[in-house]
Amino acid sequence: MGVRRGALIVLEGVDRAGKTTQCKRLVQALRDSGKEAEMMRFPDRTTMIGQLISSYLEKKSNLEDHTVHLLFSANRWEQVPLMKKKLEQGISLVVDRYAFSGVAFTSAKPGFSLEWCQNPDVGLPKPDLVMFLQVNPAEVAGRGGFGDERYETSVFQRAVQQKFEQLIKDPSVNWKVIDAARSIEDVHTEIKTLSENAINIAENQPIGELWK
Ligand code: ADP
Ligand code: FDM
Numbered sequence: 096m097g098v099r100r101g102a103l104i105v106l107e108g109v110d111r112a113g114k115t116t117q118c119k120r121l122v123q124a125l126r127d128s129g130k131e132a133e134m135m136r137f138p139d140r141t142t143m144i145g146q147l148i149s150s151y152l153e154k155k156s157n158l159e160d161h162t163v164h165l166l167f168s169a170n171r172w173e174q175v176p177l178m179k180k181k182l183e184q185g186i187s188l189v190v191d192r193y194a195f196s197g198v199a200f201t202s203a204k205p206g207f208s209l210e211w212c213q214n215p216d217v218g219l220p221k222p223d224l225v226m227f228l229q230v231n232p233a234e235v236a237g238r239g240g241f242g243d244e245r246y247e248t249s250v251f252q253r254a255v256q257q258k259f260e261q262l263i264k265d266p267s268v269n270w271k272v273i274d275a276a277r278s279i280e281d282v283h284t285e286i287k288t289l290s291e292n293a294i295n296i297a298e299n300q301p302i303g304e305l306w307k
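Every number in my numbering is 95 more than the matching position in the sequence shown, counting from 1.
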């Protein structure tokens, strides 16, 4: 009997929704219950492509909008061999942002259709579960202000939020909307339960292909 594969679990949501906090808590909880789990995040700023993206986000360089979109996608594709290897070894991956951020952020810019934005990510490993941490901007104002990076303005974040709301309607993706305005602990409890279910289901299924 082969090793049961791990699950690909993604957390999405706007700035300060609690994605990073919850990814870390989830990995710890899964490990505590004897499951193998690792955290990943996109963009992965450590690679050569990631460094181009990081410099763009820090406003140290400018990149044409289509170009940077394709770099974000390439930054996911370059991790695919490693992701598949880990999943096949039985390690569940908990991922802070994925292709959905890619589409929501670029399509919030003028002149970009959802379809054009999705195309470069078609065929990526399909998440077994995507949790959207739902908050309204007024509720998270107390979690601190915006930083200085590109995209960190309330006007742009509202446009991004609307694009996420369109993406969530896609029934080909296993979306779960989480009320992320609750305490860290309450949000964690729900995320952990959903993730454990997804891990149990995924272990008997092949890895899917996103948007295909
Ligand atoms: P994101 O990764 O979505 O930008 P973070 O996890 O970095 O969000 O959280 C942003 C800030 O809000 C951090 O200071 C974090 O401690 C705090 N925070 C996260 N979740 C909650 C919550 N449920 N309630 C209150 N504060 C939170
Ligand atoms: N972002 C992230 C994109 O525009 N496209 C993508 O494909 C991804 C994964 O980059 F503003 C944006 C979203 C956010 C920034 O910030 C990354 P964090 O703080 O590293 O998540």
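In this text, a Cβ means the ideal position worked out from N, Cα and C, and glycines have one as well.
Three-state secondary structure assigned by DSSP to residue i
i: residue 168; result: helix
i: residue 153; result: coil
i: residue 138; result: coil
i: residue 191; result: strand
i: residue 200; result: helix
i: residue 281; result: helix
i: residue 105; result: strand
i: residue 132; result: strand
i: residue 210; result: helix
i: residue 110; result: coil
i: residue 221; result: coil
i: residue 257; result: helix
i: residue 272; result: strand
i: residue 184; result: coil
Which listed residue (the options) has its alpha carbon closest to that of residue i
i: residue 224; options: 151, 204, 238, 190; result: 190
i: residue 188; options: 104, 177, 156; result: 104
i: residue 136; options: 158, 178, 289; result: 178
i: residue 209; options: 156, 128, 257; result: 257
Within 8 Å, strictly: CB atoms of residue i and residue j
i: residue 125; j: residue 286; result: no
i: residue 297; j: residue 100; result: yes
i: residue 275; j: residue 112; result: yes
i: residue 247; j: residue 241; result: yes
i: residue 220; j: residue 302; result: yes
i: residue 185; j: residue 272; result: no
i: residue 145; j: residue 170; result: yes
i: residue 243; j: residue 204; result: no
i: residue 182; j: residue 166; result: no
Residues near residue i by beta carbon distance below 8 Å, same chain, minus five either side
i: residue 168; result: 194, 197, 215, 216
i: residue 267; result: 306
i: residue 283; result: 117, 120, 121, 124
i: residue 149; result: 138, 140
i: residue 222; result: 103, 104, 105, 190, 193, 268, 269, 305
i: residue 114; result: 106, 107, 108, 191, 192, 228
For residue j and residue i, believed in contact at Cβ under 8 Å, the rounded distance
i: residue 119; j: residue 134; result: 7 Å
i: residue 263; j: residue 227; result: 6 Å
i: residue 250; j: residue 199; result: So it is not a contact: roughly 15 Å between Cβ atoms.
Close-in-space but distant-in-sequence residues of the same chain around residue i (CB under 6 Å, 5 per side omitted)
i: residue 245; result: 152, 154
i: residue 294; result: 102, 187
i: residue 201; result: 164, 207, 212
i: residue 230; result: 112, 275, 276
Residues of its chain near residue i, where Cβ-Cβ distance is below 7 Å and the 5 sequence neighbours each way are ignored
i: residue 252; result: 109, 110, 232
8 Å Cβ cutoff, residue i in contact with chain C
i: residue 127; result: Reference to chain C is not applicable here, since this structure consists of a single protein chain.
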